[in-house]
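Scroll down for the structure; my scribbles are underneath it.
There are 2 protein chains.
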Amino acid sequence: MGILYLLPVPLHPNDGTYDHQIIRNTVSTCKHVIAESTKMAKRHLYYFGHPHLDAVKIFILNEHTPETERSVWIHQIQQESSHWLLLSDAGCPAIADPGTELVLSAHRNGITVSSVGINCSITLAVMLSGLSGQRFLFEGYLPSETTKRRAQIKLLERQSASEKRAVFCIETPYRNAVLWQDLLLILHPKTLVFLGYHFGSTDAFSKTQTVNAWKNSEFVFKEKVPCIFGFMT
Amino acid sequence: MGILYLLPVPLHPNDGTYDHQIIRNTVSTCKHVIAESTKMAKRHLYYFGHPHLDAVKIFILNEHTPETERSVWIHQIQQESSHWLLLSDAGCPAIADPGTELVLSAHRNGITVSSVGINCSITLAVMLSGLSGQRFLFEGYLPSETTKRRAQIKLLERQSASEKRAVFCIETPYRNAVLWQDLLLILHPKTLVFLGYHFGSTDAFSKTQTVNAWKNSEFVFKEKVPCIFGFMT
């Protein structure tokens, strides 16, 4: 019997985030690592060939880590303009694993949140948004008809509130701007909204903030760029 | 300002699916490629260093591809015991991209469905299940109390039916067998159920079939192994 391989390919023609040498280079710039366990953190750093293992400081993040400790890390990333790694014992941090609150705190404090070695834009959105990686819904495309689209946004927001789910959706590039306007129009001012685009390129952008904060920012939505949207109440 | 990198790590201590050389080796065993476009298929095969580009046959899969053509591919994979690649123009096949029906047809015909280069078990589950990669819900952990867990399974199945969503969930390894029994007990006999485990290892397993087919198979559920479950009506 044969095999059907589903092969992920780079997200962008010049994807610099899905090459093992680039991952190794990125890892080597980090002297601070936040992980679920020291043992697995060391194993993974060794796997990625970190050049100065003994100089790396490892901090443990799990359900017992107090918020004050996370705040100290965030403060240090800000003050030192340093590169930090967040990793799980296995797989992707912040997806059914610790990290969501830390990522959200990074967004709140203007720290760039990035990733390497992932070639699925939905997975990247869940990780980088800081919205729930424990319960999330990928809704695909919302209705193209305005009234129906707005009703669906409202319905999904209610479900997000009642079921504590993050919601992610996409749109064809030429309708992205319309969906973006509707999200900011329909969602509650305090609902957290994530926008990610150009994943895999050097222009990659990821940002989560409240509807109000988006409205009050000087952000200009880029037309016709592949985007992924997310929100959570 | 600093950067917080969310770094995915291998899914298994001896993960052989997340190394570029392994990906290249896997790609080189495939002489048949199903893709969204010839141009991008060639670009990606070149990126992965396919040694015999001219000998590769490329088949186009999009919303216009008739079911009869997919059946011919499936028949050929079976008859020739050959290795085929499915890939998108960018990112992951079968997630907000074509491929779901093909994967489901592969499962129905006993063809092994596999992947390389993905280190997120939820992403792998969506791709390899053949359940909807257009609309899906990751529910995390279901309630541990039996009555509540069964009610939640029933509720999620109703939502799957009404909203055409695939549902994925996980459990702590020592409760996996209980959840598995409940899924087969509570879900409709014709509901499709996916089980994946040991992703990243050479024992990786992925299978989707109806509740009835699972019940009538000689499958023995492995205890205490990291699993991911999925279902769709």
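These protein sequence lines map, in sequence, to chains Y and S. Using the working numbering, read the first sequence as starting at 647 and increasing by one per residue. Using the working numbering, read the second sequence as starting at 647 and increasing by one per residue. From the three backbone atoms N, C-alpha and C, an ideal C-beta is built for every residue, glycine too. As the structure is a computational prediction, the values presented were derived from the model and not from experiment.
query	result
Residues of the segment 761 to 787 of chain S whose Cβ lies closer than 7 Å to any Cβ of chain Y, in chain order	Ser761, Val762, Gly763, Ile764, Asn765, Cys766, Ser767, Ile768, Thr769, Met773, Leu774, Gln780, Arg781, Phe782, Leu783, Phe784, Glu785 and Gly786
His690/Y at chain S interface by Cβ criterion, 9 Å	yes
Same chain, Cβ closer than 7 Å to Phe867/Y, neighbours up to 5 away in sequence not counted	Ala823 and Trp826
C-beta neighbour in chain S for Ser806/Y, strict 9 Å	no
Beta-carbon gap between Thr854/S and Gly776/S smaller than 9 Å	yes
Euclidean distance between Cα positions of His690/S and Cys766/Y	15 Å
Proximal residues of chain Y, C-beta to C-beta of Pro697/S below 9 Å	Residues of chain Y passing the Cβ test: none, with the nearest at roughly 16 Å.
Residue interval of the alpha helix (DSSP H) (run including Tyr651/S)	Here Tyr651/S belongs to no alpha helix (DSSP H); instead the beta strand (DSSP E) covers Ile649 to Leu652.
Delimiting residues of the alpha helix (DSSP H) encompassing Val702/Y	No alpha helix (DSSP H) contains Val702/Y, which DSSP labels as neither H nor E.
is_contact[Tyr843/S, chain Y] using C-beta, thresh 9 Å	no
Cβ contact check for the segment 790 to 804 of chain S and the segment 833 to 849 of chain S: 3 or more pairs under 8 Å	yes
Range of the contiguous alpha helix (DSSP H) that encloses Leu732/S	Per DSSP, Leu732/S belongs to no alpha helix (DSSP H); it is in the beta strand (DSSP E), His729 to Leu733.
Buried versus exposed, by CB contacts within 10 Å (16 or more), Met878/Y	buried
Per-residue burial, His710/S [other beta carbons within 10 Å of its own, 16 or more giving buried]	exposed
Test: Phe694/S CB closer than 9 Å to a CB of chain Y	yes
Limits of the alpha helix (DSSP H) - the one that Thr672/S falls within	His666 to Ser674
Pairwise C-alpha distance: Val813/Y and Phe865/Y	22 Å
Val718/S, buried or exposed, once every other Cβ within 10 Å from all chains shown has been counted against 16	exposed
Whether Glu817/Y touches Leu841/Y by CB criterion (9 Å)	no
Chain S contact residues for Thr758/Y, given Cβ-Cβ distances below 8 Å	Met647, Gly648, Ile649 and Leu650
Val673/Y versus Leu731/Y - alpha carbon distance	7 Å
Contact the segment 768 to 784 of chain Y vs the segment 745 to 754 of chain Y: 3+ CB pairs below 8 Å	yes
Glu682/Y beta carbon less than 9 Å from that of Pro744/Y	yes
Sub-9 Å separation of Ile669/S and Thr663/S beta-carbons	yes
Against chain S: residues of the segment 708 to 726 of chain Y by CB proximity under 7 Å	Ile723, Gln724 and Glu726
Exposed unless 16 or more other CB atoms sit within 10 angstroms - verdict on His721/S	exposed
Expected contact under 8 Å - CB spacing of His658/Y and Gly846/Y to nearest Å	3 Å
Val679/Y, DSSP secondary structure in three states	strand
Sequence-distant residues of its chain with Cβ nearer than 8 Å to Leu699/S (five each side left out)	Lys688, Leu691 and Tyr692
Within 9 Å, strictly: CB atoms of Ser760/Y and Ala850/Y	yes
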